[in-house]
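Read the structure below first, then the notes.
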Amino acid sequence: MSRRAPAREPRLSGYVFIRHLGSGGFADVYLYEDGRTSREVAVKVLLSDSLSPGVRDQFESEARLMGQLSTHPSIVTVYNTGIAPDGRPYLVMEYCSEPNLGDRFRTAPLDLPRALDIIVEICGAVETAHRAGILHRDIKPANILVSDYGKAMLTDFGIAAALGGESGIGGLSVPWAPPEFVEGEPGGRESDVWSLAATLYSLLEGRAPFEIPGQDRSAGAQMQRIMHEPLPPMHAPGVPAVLEHTVAVAMAKDPAARFGSALEFGNALRRVQASLRLPESPLLVRAPRPVAPTEPSTVPPEASAEPADGTVLREQSIAPEFASEPRSPESGGKFIPGGQVYIPRSGDHTSSTVARDAGSAPAHRSGPPHAQFPSPEAATATGGGRRGGVVAAAVVVAAVLVGLVVWAAVGGDDEVTRPAEATAEAPRSDPPSRERVPAVVDATGEIIGSDAVFRWSNPDPQAGDSYLWVRTGTGGVDSPTQTDETTVTIPGGPGTCIEISLVRESGRTSADGVEVCAG
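Residue numbers in the sequence shown follow the working numbering, run continuously in steps of one, and reach 1263 at the last position.
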């Protein structure tokens, strides 16, 4: 199918047209120069035949919310919005001159450290959007732009959602779409988690997850694989089994079996970085002031061929949500004015200091959904084992979030929104029920000859159960090993320790690892 010719560029007061940048199904993007600042900007202009009654009000409302999100360092900045003289709405955005990742990943897949760094930071952007009530619904390599300085930034947040709200119909980029979208169902936060993982898979493998070499690559064929076939193995150089398992959890067919939030997935990837002795990328999350959302749509998206620039219609389908779990000062984290949660890079020891206004009492903002913060008592392993901290870094599939204090200052200099107030202002929709995987019990270790022998029990055995174990106390972070047995023998003397986690067939993993030592 031939691409349509771009519409004529609008004449915009204060801007000088330079050239056409790209076109999608519902918009054209042009390069202009801002005459007041001499800055080059990208201007996204809606097609005249994409407009419908009331769409301007929706566009302006969503653009204001997009403006709030665009302060995030991993989201493309929106400078201005308006209506062109010919009646077409437009957005003035940051111009990213480097090729987007959609133009690069097929010919030059990213190396593992770079790909992890990008997706961890994009997870922070997606989590920020989710808390503002925006479901992206089209995360893919082409929607990750790269600035002049090599910074990866997510684009196409929510604007098409507002435009699609009236018709209730959206577009779908099949290669990165989760099964629920393919099957015509409305999605949730876990849908964006799938697409984040599918994007990471693509950046490393040089192809979309269900584009099988030598097989039919049509949208229809990929949709069937997405719905019914297991995720193909990853073969990129240096991809460890623990990362492949993490991606598989994020891309589980059942949304309830995935990581429950972009923040959970981002933290899981940070644990992969730790297990590989890579610097842990920062995860920035902002809890914006509540903004009245557009009416959530329950109509699923329409499948379509992938647009040239990834511009698709999509409807908003979640309500604003703020954090729900209390944090303690002891848990660490760094306050950023305006409500950001900063999860620092490894080695950033400033995270133990919590900033606050002088004379103000600490008020904890509730945390992201699905996060689990076991108390010191709960962290003690049953059966005589002791809870270690290594699997939290190495066994990334245990989506336990640690090291956060979320204090969101949203009023005056000293005003802090408390959880009850946030709940009143921004009613949250309950996440789908999720299975809590128990920790193993009755863990023991003994020395037999020159080996350390460990045994444990499964408190709730189910078909397909397996276990991840990792050696601890070695001075580093070892890679975990998966086994179907409830015993393991390794070379070692007294003081040899391992940490064990239970893994369900769905990929869900026990939040609490159990550490046990021999001798």
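Glycine included, every Cβ here is placed at the ideal spot set by N, Cα and C. If you're wondering where the values come from, they're calculated on a predicted model, not measured in any experiment.
Could you tell me the alpha carbon to alpha carbon distance between residue i and residue j, rounded to whole angstroms?
i, j, result
"Pro1182", "Trp1200", "13 Å"
"Val1260", "Gly1237", "13 Å"
"Ser1210", "Val1029", "33 Å"
"Asp892", "Leu856", "21 Å"
"Ala980", "Asp847", "19 Å"
"Gly958", "Ala921", "21 Å"
"Ile1191", "Val1184", "21 Å"
"Arg1014", "Ser814", "24 Å"
"Lys997", "Pro953", "13 Å"
"Gln738", "Glu1249", "Because the chain in this structure spans residues 745 to 1263, residue 738 falls outside the shown range and cannot be described."
"Ser1041", "Leu879", "With a pLDDT of 39 at Ser1041, under the threshold of 50, the predicted position of this residue should be treated as unreliable, and no value is reported."
"Ala963", "Lys884", "15 Å"
"Gly894", "Ser782", "22 Å"
"Leu1022", "Pro984", "13 Å"
"Arg951", "Thr990", "18 Å"
"Arg747", "Gly768", "9 Å"
"Leu1257", "Leu975", "Looking at the sequence shown, residue 1257 is not Leu but Gly. Computed Cα separation, rounded: 26 Å."
"Gly1129", "Glu955", "Because the pLDDT at Gly1129 is just 39, under 50, the model does not fix this residue reliably, and the point stays unresolved."
"Asp882", "Pro919", "10 Å"
"Glu1024", "Val1016", "9 Å"
"Val1232", "Leu948", "32 Å"
"Arg780", "Arg832", "22 Å"
"Phe761", "Arg850", "31 Å"
"Val773", "Glu1229", "56 Å"
"His764", "Thr899", "18 Å"
"Phe925", "Asp1195", "51 Å"
"Arg755", "Leu791", "15 Å"
"Val787", "Val836", "5 Å"
"Leu854", "Thr943", "11 Å"
"Ala852", "Cys840", "19 Å"
"Gln966", "Ala749", "28 Å"
"Asp830", "Asp960", "43 Å"
"Ser1110", "Arg875", "Because the pLDDT at Ser1110 is just 32, under 50, the model does not fix this residue reliably, and the point stays unresolved."
"Gly811", "Ser1019", "37 Å"
"Val870", "Leu889", "15 Å"
"Leu845", "Leu775", "19 Å"
"Asp793", "Leu1212", "54 Å"
Judging by CA-CA distance, which residue of the options is the nearest neighbour of residue i?
i, options, result
"Phe1009", "Leu860, Gly846, Glu1249 and Ile1244", "Leu860"
"Ser935", "Ser917, Leu948, Glu949 and Arg848", "Ser917"
"Val785", "Ala807, Gly758 and Asp793", "Gly758"
"Val789", "Ile827, Val820 and Leu1212", "Ile827"
"Ser946", "Ala1207, Arg858, Pro750 and Glu1243", "Arg858"
"Val1247", "Arg1014, Gly982, Val993 and Lys895", "Val993"
"Asn1011", "Leu987, Asp998 and Lys997", "Leu987"
"Phe1198", "Asp1204, Pro1205 and Glu1243", "Glu1243"
"Gly1263", "Thr1230, Gly1208, Gly1193 and Thr1227", "Gly1193"
"Leu1027", "Pro984, Ile862, Ala886 and Val890", "Ile862"
"Asn1202", "Ile1234, Thr1216, Ser1245 and Thr1240", "Ser1245"
"Arg808", "Ser1025, Glu753, Gly877 and Thr1225", "Gly877"
"Ser1254", "Asp882, Ala941 and Arg1180", "Arg1180"
"Phe770", "Asp778, Pro999 and Ala751", "Ala751"
"Ala834", "Glu1024, Leu944, Glu753 and Ala1000", "Rather than Ala, the amino acid found at residue 834 in this sequence is Tyr. Of the listed residues, the one whose Cα sits closest to Tyr834 is Glu753."
"Glu838", "Thr1227, Gly1217, Ala896 and Val926", "Ala896"
"Leu1007", "Val1214, Leu791 and Ala873", "Ala873"
"Thr1188", "Leu898, Cys1241 and Ala852", "Cys1241"
"Ala1000", "Trp938, Asn844, Ala852 and Trp1213", "Trp938"
"Gln1226", "Gly1208, Gly1239, Arg875 and Pro829", "Gly1208"
"Met978", "Ala886, Ala941, Ser1005 and Asp793", "Ala941"
"Asn887", "Val836, Pro843 and Asp1204", "Pro843"
"Asp1204", "Gln812, Val1214, Trp1213 and Asp1186", "Asp1186"
"Asn1252", "Phe1003, Ala1018, Gly1217 and Leu795", "Note that residue 1252 is Arg in the sequence shown here, rather than Asn. Comparing Cα-Cα distances from Arg1252 to each of Phe1003, Ala1018, Gly1217 and Leu795, the minimum goes to Phe1003."
"Asp778", "Tyr823, Ala1018 and Met810", "Tyr823"
In the DSSP output, what is residue i paired with across the bridge?
i, result
"Lys997", "For Lys997, which the question treats as bridged, DSSP gives no partner whatsoever."
"Tyr776", "Phe761 and Val785"
"Phe1198", "Gly1189 and Val1232"
"Trp1213", "Thr1225 and Ile1244"
"Met810", "Answer is none; Met810 lacks a bridge partner."
"Cys1261", "Cys1241"
"Ala771", "Leu790"
"Leu835", "Lys788 and Thr825"
"Glu1024", "In the DSSP output, where bridge partners are listed per residue, Glu1024 has none listed."
Can we count residue i as close to the ligand SAH, meaning its CB is less than 6 Å from some heavy atom?
i, result
"Arg858", "Absence of the ligand SAH is noted for the structure shown, with no ligands found whatsoever."
Can you check the region 927-991 for any alpha helix (DSSP H) of at least 4 residues that lies completely inside it and give the ranges in chain order? Counting only runs of 4 or more, we get 933-949 and 963-972.
Is the region 930-937 touching the region 966-978, taking contact as three or more C-beta pairs under 8 Å? As far as the Cβ criterion goes, the region 930-937 does not touch the region 966-978, which means the pair count is below three.
Considering only residues of the region 845-894, which uninterrupted alpha helix (DSSP H) runs meet the minimum length of 4 residues and lie entirely inside it, listed in chain order? Those alpha helix (DSSP H) runs which fall completely within the region 845-894 and span 4+ residues are 845-848 and 856-875.
Between the region 806-820 and the region 860-872, do three or more beta carbon pairs fall short of 8 Å? The answer is yes - the region 860-872 touches the region 806-820, with three or more Cβ pairs under 8 Å.
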